[in-house]
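Here is the structure we will look at.
Protein chains: 2
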Amino acid sequence: MSLKVAIGVDIGGTLTKVGIVDLEGNMYGHTEFPTQKGKDFKQFLDELVHTFNQLIEKSSADLEVVGMGVGAPNANYYRGTIEHPANLKWKGILRVTEELQKRFDKPVHITNDANAAAIGEMIYGEAKGMQDFIVITLGTGLGSGVVSNGKLIYGYDSQAAELGHIVIDYNGRWTGLDRRGGLEAYVSSTGLKRNVFFLLCDSLKDSVLRDYSFNDLHGEIITKAAEEGDPIAIEAYELTGKYLGQALANFTTFSHPEAFFLLGGLAKAGKWIFEPTKKYMDEYLLPFYKDKVKLLPSGMMDKNAAILGASALVWDHLKH
Amino acid sequence: MSLKVAIGVDIGGTLTKVGIVDLEGNMYGHTEFPTQKGKDFKQFLDELVHTFNQLIEKSSADLEVVGMGVGAPNANYYRGTIEHPANLKWKGILRVTEELQKRFDKPVHITNDANAAAIGEMIYGEAKGMQDFIVITLGTGLGSGVVSNGKLIYGYDSQAAELGHIVIDYNGRWTGLDRRGGLEAYVSSTGLKRNVFFLLCDSLKDSVLRDYSFNDLHGEIITKAAEEGDPIAIEAYELTGKYLGQALANFTTFSHPEAFFLLGGLAKAGKWIFEPTKKYMDEYLLPFYKDKVKLLPSGMMDKNAAILGASALVWDHLKH
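Protein chains in written order, with our numbering: chain D, 1 to 320; chain C, 1001 to 1320.
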């Protein structure tokens, strides 16, 4: 009997990743290719189809493809589109599922990367069996996927769970989109750097981080400095965890998740980010939530989360 | 043929309201009785059952009762309980549905008042057919009910949608529960009063409101003053609408509702609260939400929202 598999596709500004995944999250080949280099959108889709067909042909297993899931920034789940992507040269509205269906005869679904991560957590990761949870992806920005009643929340026009844009301080840091105080200016890889630079400005403390330019500084340097006892690095993580912990306590009043899962570059800093986040989340949680909200590392942390998350869309659809 | 009806019960600290309601929201008799006066919890339940049986007997229509919905503060939907209610003399955990099922052989469901209001809006009100919306009840405090994917969000332990407790300023006003900065300290009937007192403290402007004690001041006085051009009253509404509009813009990044519905005493102030709230909500909404979120008065505004909302639980259960 053939093995049912889903195709997972992650469209990034530079690279597109493709993989073949079964219901258990096992990967039957994966690869990547440049997204935009010298091709228009339809040529890109042709290459995408060619790429996963090759993966399937190369596999020694007897695979039956049941569908395709695509993760991409600015994706609209309802319309199957990527709309006005900031990180792609193709402008306007890209009809991804419609165009793919011309080239592929199984169902195709698309959502943004953070939503895909949440569905991945539910299908393959640590949220199996959970009805209510939130995944927070901590990369350059802060992305999120919210699951309630066992279903991802897309909202009225597929723009729910943009928690990186929740305003935590109306007089705070510039956040892009001509706004101030969005959470991701405080909590993300970039947010951590901005916290370092705030502390370098605010305090007189000596720190190895005083030798780095903003552009040269990155998370691993800050973690290494923290491990060596650098006071600014340690305080920057404490501050980042405080902002995140307070935010998670606030989010709890909205959907009361059983757990928050952290994923992405900043989450890999381990105790440096988890410990202060947990401390402040617990401090700010209202009494009736105490011990009823977990903070956990994503089960997708060291896996190919982007491909897995996208492929999970297929299994989630078959479930409902 | 007999007409299917649901019993709606709203348990308040002083009065318990009971009504018989059909799927269209038509009421076939309603009444109220003192909740706690001289009775223990089981005597209260006996009286409740006696009361709705009398209502049914008195009705000239041929009614078939299909279930009962109960709205109450501190209700736990999953366990069918009222837990540690602050406004009732009966302490601990009250097993409402279990005890009612001993006295009544149709399904009984319980939820808190604001959640009941949201389900009422969906079944009888202006949210019919909407999959994603939020009801905000503006009374002494701020209550809320969040519907996503066509279902109310209860969360992991039935404590979702406590948006009155979302912190908007960690150094802000005391909010109860030994916390600072909860939204309801700024947006509610009490919040409006607190905004008046902030402005009376902050400014030198003359105002008729300088003649009222905090305890004597209430919403109608403030509205009347605003209508007569009182600068403090007008500014207090503006400020209240600013806090609410900013909060609604923030909530949109969470679940992207199609509409927010306002209900309760403060919502009855009409343009005084709706206009500034809409202005600031639109100002703070991110560009991709523009014109995709409505601010509307609840369709239950001048009806017996508490009874209707509770009865709607029954129809909502039959739907799923």
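Cβ coordinates follow ideal geometry from the N, Cα and C atoms, glycine included.
No experiment lies behind these values; they were computed from the predicted model shown.
Let me make sure I understand the geometry here. Which of the options has the alpha-carbon closest to that of residue i?
i, options, result
"D/Asp316", "D/Ser59, D/Val66, D/Val49, D/Pro34", "D/Val66"
"D/Ser2", "D/Glu64, D/Pro73, D/Ala225", "D/Glu64"
"D/His165", "D/Leu45, D/Tyr154, D/Ser144", "D/Ser144"
"D/Ala259", "D/Pro297, D/Gly38, D/Gly270", "D/Pro297"
"D/Ile20", "D/Ala312, D/His320, D/Lys319", "D/Ala312"
"D/Leu200", "D/Thr111, D/Val314, D/Ile232, D/Ile56", "D/Ile232"
"C/Ala1160", "D/Gln36, D/Tyr170, D/Val146", "D/Val146"
"C/Glu1275", "C/Ala1236, C/Leu1286, C/Phe1214", "C/Ala1236"
"C/Glu1162", "C/Asp1178, C/Trp1174, C/Leu1183, C/Asp1169", "C/Leu1183"
"D/Lys37", "D/Gly12, D/Leu192, D/His109", "D/Gly12"
"D/Thr97", "D/Trp90, D/Lys106, D/Lys89", "D/Lys106"
"C/Phe1041", "C/Met1068, C/Gly1008, C/Ile1082", "C/Ile1082"
"C/Lys1102", "C/Leu1048, C/Ala1127, C/Ile1307", "C/Leu1048"
"C/Asn1074", "C/Ile1056, C/Glu1099, C/Asp1113, C/Ser1060", "C/Asp1113"
"C/Pro1257", "C/Ala1006, C/Asn1026, C/Asn1149, C/Ala1226", "C/Asn1149"
"D/Tyr124", "D/Leu23, D/Phe261, D/Tyr280", "D/Leu23"
"C/Ile1119", "C/Ile1153, C/Lys1089, C/Glu1099, C/Leu1094", "C/Ile1153"
"D/Thr51", "D/His30, D/Lys39, D/Ala61", "D/His30"
"D/Met239", "D/Gly176, D/Gly270, D/Leu192", "According to the sequence as given, residue 239 of chain D is Leu; it is not Met. Of the listed residues, the one whose Cα sits closest to D/Leu239 is D/Leu192."
"C/Ile1134", "C/Ser1255, C/Lys1279, C/Lys1292, C/Leu1286", "C/Ser1255"
"D/Gly176", "D/Lys205, D/Phe198, D/Gly141", "D/Gly141"
"C/Pro1034", "C/Tyr1284, C/Val1314, C/Leu1088", "C/Leu1088"
"D/His84", "C/Pro1287, C/Trp1174, C/Tyr1243, C/Phe1044", "C/Pro1287"
"C/Asn1250", "C/Gly1219, C/Asp1230, C/Glu1228, C/Leu1285", "C/Leu1285"
"D/Met281", "D/Leu248, D/Leu266, D/Met301", "D/Leu248"
"D/Asn304", "D/Trp90, D/Asn195, D/Leu318, D/Met27", "D/Met27"
"C/Leu1263", "C/Leu1138, C/Asp1178, C/Lys1278", "C/Leu1138"
"C/Phe1044", "C/Asp1010, C/Tyr1077, C/Ser1060", "C/Asp1010"
From the DSSP output, in three-state form, read off residue i for me.
i, result
"D/Thr190", "helix"
"C/Phe1104", "coil"
"C/Val1135", "strand"
"D/Met27", "strand"
"C/Val1049", "helix"
"D/Lys39", "coil"
"D/Lys151", "strand"
"D/Ile56", "helix"
"D/Val167", "strand"
"C/Leu1088", "coil"
"C/Pro1034", "strand"
From which residue to which residue does the beta strand (DSSP E) around residue i run?
i, result
"D/Ile82", "81 to 83"
"C/Glu1064", "1063 to 1071"
"C/Ser1144", "1142 to 1148"
"D/Glu305", "According to the sequence shown, residue 305 of chain D is Ala rather than Glu. It is not in any beta strand (DSSP E) - D/Ala305 instead sits in the alpha helix (DSSP H) that spans 305 to 319."
Going by the DSSP bridge assignment, what does residue i pair with across the sheet?
i, result
"C/His1218", "Answer by DSSP bridge pairing: none, since C/His1218 is not bridged."
"C/Asn1076", "C/Thr1081"
"D/Ala9", "Sequence check: residue 9 of chain D is Val here, not Ala. Partner(s): D/Val18, D/Val70."
"D/Arg179", "D/Gly176"
"D/Pro297", "D/Leu262"
"D/Lys4", "D/Glu64"
Between which two residues does the alpha helix (DSSP H) carrying residue i extend?
i, result
"D/Met281", "271 to 284"
"C/Ala1117", "1113 to 1123"
Taking 7 Å as the line, does the beta carbon of residue i fall inside it for any heavy atom of the ligand SAM?
i, result
"D/Lys271", "Because no ligand of any kind appears in the structure shown, any question about the ligand SAM cannot be addressed here."
| Taking only runs of the beta strand (DSSP E) that begin and end inside the segment 1192 to 1255 of chain C, which ones reach a length of at least 3 residues, in chain order? | none
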